[in-house]
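Notes follow the structure.
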Amino acid sequence: MSKLLSSRLAQLLPKLVSEFQAGFVPGRLIQDNIFLAQYLIHHIDKGKLQGNVILNLDMSKAFDKLSWSFLQKVLRKFGRKFGFSEDWIGRVMACLSNNWFSIIINGKSKGFFKSDKGVRQGDPLSPALFILAEEYLFKGLQQLHHQQPEIAYHSDCSVVVPALGFANDVLIFSTGSKQALTKIMSFLDHYQSVSGQLINREKSSWITSNKAAPARCSIIQRATGFRKGTMPFKYLGVPIFKGKKQIFLFDDLIEKIRGRLHSWSSNFLSFGGRITLLQSVLTTLPTYYIQVIQMPEAVYNKIDKKFNTFLWDGMPWCKWSKVCAPYEEGGLNMRRLADLHQSFMQKAWKRLREGNSLWSRFMLNKYCRKYHPRIAPVHPSHSRVWKNLHKVRDEAESNIHWQLGQGLCDFWMDSWMELGPLCHLYPDQKGGIRVNEVWLDGTWDEAALSKLISPDHLHRVKEVFIDQGTPDLLLWKSSKDGHFSFKATYEEVRDQCQPSALYSVIWHQNISKKMSFVAWRLLNGWFTNR
């Protein structure tokens, strides 16, 4: 029953849950929240006398303390708008209340009792119910910002972000004025009283500009009762920082990799086993970081060196770049972290251009109000997120093609016909005209087009099909189905070598990796002479 209710509720979550929450909502990514947090920390020095403040909330046993009566009221509130019947709500509450628990003491089960609050971790329905209940917090903060716009965090963007949430990880953004913080803390106290949630004031923290005067910090301390946090700080497992990238920010990651590799080194692993384990590490530990942040070159080199040393059990016989080539090109089918980062950034650029997430709308509003994304400039003062996206913009744009629907894409700057962007053929044009502005009664307006482009190009434009009943659809050229393909994008990013049939043979699936590795070393002459 719980799984069935969860699957049906998941279809409605994007409509029910505000875009400030990214956790457990289909179509929303954890990376969006990290990108936004990284941008907003870049502007923490903004504001007038009060400056900006970020509240990092620590919810004490958030899943265990949620009030059932509060959850039921929230579901009924949603039910008025989205049609949750009392019968459906009753089934949900039955899934929560009809559970019995027992405690294992010294290997034996003791007691048999029911709970009267909280959602059960591991239940497929629990995440959806938790974020629906937490929506009361985000809706309240949003309403508070609408009623009191002066409390909003100064970010040089008209898209206001009062808070970001991923399950029980919550950041609140505000000015540092006493009035703003008092109102926010008053609402947080109200939220705790009605929801059963408890904010751990000892572990929660506030962060403000390093330039803030001691008197300002004292005001923030008294208003919140939280401890003072420092930058950098961890949000969703990633360092959030202002200023230059420093190697020490990634010490935790390097130490985790070192510890994992060290635990394996004590075992007598074959080379084939080491290859498998390295491929596992590459897809877990560093990959999460490089989806959202460009690490310094020195960090990439440190990690590559550790991987290479582990592979060879000592002094490496070749560079890691050689190992990262595919099997058929003479490598071991590893992946370079720097190339992975570029591929992830191209995926992020695609999400930016689609413009259907809070993060993408925020970035487009900030950096592309006066410019098309293809030509939007980058300045030294811009955020690190925008700078990283800008580095892959040209490569990503070459992979983007628009399938016309409503015709909202740019006539000159976007690629919506086989010729590619018309700005390449008419370099003096800088955009500003939508495709649907040269339509007339559902077809192409030849009179308007003839004033813009040559007769030859007009003929090509008329061949483009228009499906006005659907939104414009962004297609990724390097994939077969038009969806973003990480594999295809990575192949375009990495340095490619000439394939060899011999290498393909020795890495055949019917040959053990141990024997394939020996043959690979023989082909390259990497054996000691004794």
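Residue numbering for the sequence shown follows my numbering, beginning at -16 and increasing consecutively.
Ideal Cβ placement from N, Cα and C applies to all residues, glycine included.
Since this is a predicted model, take the numbers as computed values, not measurements.
Point to revise | DSSP state of Asp106 mapped onto helix, strand, coil | key: coil
Check your understanding: Leaving out five residues before and five after Tyr473 in sequence, what residues of the same chain have Cβ atoms less than 6 Å from its Cβ?
Key -> Ser326
Exercise for review: Would you list the residues sitting across from Trp422 in a DSSP beta bridge?
Suggested key: Trp427
**Study point:** Contacting residues, own chain, Cβ-Cβ under 6 Å from Ser43 (five flanking each side not counted)
**Key:** Leu181 and Asn183
Point to revise | Buried or exposed (CB count within 10 angstroms, at least 16 for buried), Val177 | key: exposed
Check your understanding: Among Gly159, Gln162, Ser340 and Val368, which one has its Cα closest to the Cα of Phe224?
Key -> Val368
Check your understanding: Excluding five sequence neighbours on each side, which residues of the same chain lie with their C-beta closer than 6 Å to the C-beta of Leu124?
Key -> Pro145 and Ala146
Exercise for review: Note down the Cα distance separating Trp189 from Phe394, rounded to an integer number of angstroms.
Suggested key: 46 Å
Point to revise | Coil, strand or helix - Val447 by DSSP | key: coil
**Study point:** Per-residue DSSP class, three states only, for His384
**Key:** strand
Exercise for review: Assign Glu420 to buried or exposed, taking buried as 16 or more other Cβ atoms, counted over all protein chains shown, within 10 Å of its Cβ.
Suggested key: exposed
Check your understanding: For the beta strand (DSSP E) that contains Phe96, what are its first and last residues?
Key -> Lys91 to Lys97
Exercise for review: Report the three-state DSSP secondary structure of Val476 (helix, strand or coil).
Suggested key: helix
Check your understanding: Would the region 436 to 451 and the region 479 to 491 be scored as touching if the rule is three or more Cβ pairs under 8 Å?
Key -> no
Exercise for review: Grab the span of the alpha helix (DSSP H) containing Tyr310 for me, first residue to last.
Suggested key: Counting along the chain, Tyr310 falls outside any alpha helix (DSSP H), and DSSP gives it neither H nor E.
Practice item. Pick out the complete beta strand (DSSP E) segments inside the region 133 to 158, 3 residues or longer, and give them in chain order. Key: 146 to 149 and 152 to 158
Exercise for review: Pick out the complete alpha helix (DSSP H) segments inside the region 210 to 264, 4 residues or longer, and give them in chain order.
Suggested key: 234 to 248
**Study point:** Lys166 versus Ala195, His128, Glu312 and Val476, residue with shortest Cα-Cα distance
**Key:** His128
Check your understanding: Counting along the chain, where does the alpha helix (DSSP H) carrying Ile286 start and finish?
Key -> Glu280 to Trp295
**Study point:** Residues of its chain near Phe121, where Cβ-Cβ distance is below 7 Å and the 5 sequence neighbours each way are ignored
**Key:** Ser1, Phe3, Gln4, Ala146 and Gly148
Review point. Near Asp106, what residues of its chain come up, given a Cβ to Cβ distance below 7 Å and the 5 sequence neighbours on each side ignored?
Key: Ser(-15)
Review point. Is it buried or exposed for Met298, if we count other Cβ within 10 angstroms and need 16 for buried?
Key: exposed
Check your understanding: Roughly how many whole angstroms lie between the Cα atoms of Val102 and Ser80?
Key -> 9 Å
Check your understanding: Between which two residues does the beta strand (DSSP E) harbouring Ile37 extend?
Key -> Asn35 to Asp41
**Study point:** chain C within 9 Å of Phe67, Cβ atoms only
**Key:** Within the model displayed, chain C is absent; a lone protein chain is all it includes.
Exercise for review: Could you say if the region 407 to 422 and the region 366 to 383 meet the contact criterion of at least three C-beta pairs nearer than 8 Å?
Suggested key: no
Point to revise | Simplified DSSP assignment, three categories, for Gln162 | key: helix
Check your understanding: Can we say the region 272 to 291 touches the region 302 to 319, given the rule of at least three CB pairs closer than 8 Å?
Key -> yes
Check your understanding: So is the beta-carbon of Leu387 under 8 Å away from any non-hydrogen atom of the ligand SAM?
Key -> Ligands are entirely absent from the displayed structure, and the ligand SAM is therefore not among its contents.
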